[in-house]
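In the UniProt record's numbering, the protein residues as written are 1 to 62. Report on the structure given below.
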Amino acid sequence: MSQVTWQKSSFSGNGPGNDCVEVAEVHGAVAVRESDDPSRSITASSESFAALIRTLKAGAFG
């Protein structure tokens, strides 16, 4: 996925110890990876990713 443009939250710092989750659009799906291990990622449909975000915003995981 070297041609992918990864994005991270503007709340993430750029210094050491500021690893975070990055997301990218890949062929209509959403790829997710950790910035400290960019060689591995997971991909979900955009619908599934949107459902995850809604669930997180609703506080379902405490």
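The beta carbon of each residue, even a glycine, is placed where N, CA and C say it ideally should be.
query = Can the beta-carbon of Q3 be found less than 9 Å from the beta-carbon of E22?
reply = no
ask   = Where does S39 sit, in a helix, a strand or coil, going by DSSP?
value = coil
ask   = What's the gap between the Cα of A58 and the Cα of S39?
value = 31 Å
request  = Give the DSSP-derived three-state secondary structure of S50 in the structure shown.
outcome  = Residue identity check: residue 50 is Ala in the sequence provided, not Ser. Note: A50 maps to helix in three-state DSSP.
inquiry  = By DSSP's criteria, S45 is part of a beta bridge. Which residues make up the other side?
reply    = A29
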